[in-house]
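At position 85 of the sequence shown (counting the first as 1) the number is 75 in this note's numbering, and the numbers step up by one without a gap.
We put the beta carbon where it would ideally sit given N, CA and C, even for glycine.
These figures come from a predicted structure and were not determined experimentally.
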Amino acid sequence: MLRCGLLSQRLSSLRTLLKPQLPACRNFSQTLCARDSQAYIVPQVQFETPLTKPEEKRPNVMKVIEREAMARANVDGRGALFLRRAAPKDRLCAGDVVMVETLNSMSDTSVSTFSGVCIAIYRRGIDTSFILRNIVQKVGVEMRFMAYSPLVKNIKILQKAKRFNRAKLFYLRENPGKTFRLKALKTMERSVASSKKQK
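Right, here's the structure in full:
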């Protein structure tokens, strides 16, 4: 009887030594988080109150989520380039010569650049995008960029449009000569050519 009592005491002491020290958890997911606190990313509250407009009595949930996503993605102030009611000198317009720097992947730090004439802008909230057109080695190239994508590192306006009064400049596809009348594209081509000669 004495032996059984000693054995049970030793077993209980061994169990307390081997049992991991975990905080009191209510469910299985909290237990996992307590075990691997570094493996799980716990989201932090960025907006204390939802981003609603004062004139909205009953705000739409999807619009609030979209506004919060745009505010989160608007790190470098690129959202000001795509405002509808901003002055033309402050926003991106069709016909502007634009240079975009993009990351090749989220894990890689290498950057690729593309410059061209903005021929269209699609303002769709978080899905806002724009199309740039340029002629590379006598071939017309168009690229579409998502404005709030994390892969887009920088958007820079090289030259503002002066003569274009249209929202979409798709007629530049049939008239490629008009594209190269812009000074900013000519200087970009010269700088690229000179950098290739130096190499």
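Expected contact under 8 Å - CB spacing of residue i and residue j to nearest Å
i	j	result
residue 37	residue 58	6 Å
residue 143	residue 101	6 Å
residue 97	residue 124	Not confirmed; about 28 Å, so no contact.
residue 63	residue 147	With 8 Å as the limit, residue 63 and residue 147 do not qualify as a contact, their Cβ atoms being about 19 Å apart.
Counted within 10 angstroms of its Cβ, other Cβ atoms place residue i as buried (16 or more) or exposed
i	result
residue 94	exposed
residue 77	exposed
residue 82	buried
residue 129	exposed
residue 161	exposed
residue 73	exposed
residue 141	exposed
residue 51	exposed
residue 39	exposed
residue 118	buried
residue 137	buried
residue 90	buried
residue 32	exposed
residue 87	buried
residue 66	exposed
For residue j and residue i, the rounded distance between their alpha carbons
i	j	result
residue 150	residue 165	20 Å
residue 84	residue 167	17 Å
residue 92	residue 103	6 Å
residue 69	residue 127	33 Å
residue 121	residue 99	24 Å
residue 135	residue 113	12 Å
residue 153	residue 159	12 Å
residue 60	residue 35	15 Å
residue 110	residue 53	24 Å
residue 156	residue 131	21 Å
residue 80	residue 71	7 Å
residue 145	residue 133	14 Å
residue 42	residue 49	7 Å
residue 47	residue 163	46 Å
Residues that residue i bridges to, as DSSP identifies them
i	result
residue 147	88
residue 142	92
residue 136	119
residue 106	88
beta-carbon residue i near the ligand GTP non-hydrogen atom, thresh 7 Å
i	result
residue 43	Looking for the ligand GTP in the displayed structure turns up nothing, as the structure carries no ligands at all.
**Request:** Go through the segment 108 to 134 residue by residue and report every complete run of the alpha helix (DSSP H) that reaches 4 residues or more, in order.
**Result:** none
**beta strand (DSSP E) runs contained entirely in the segment 56 to 102, provided each spans 3 or more residues** = 87 to 93
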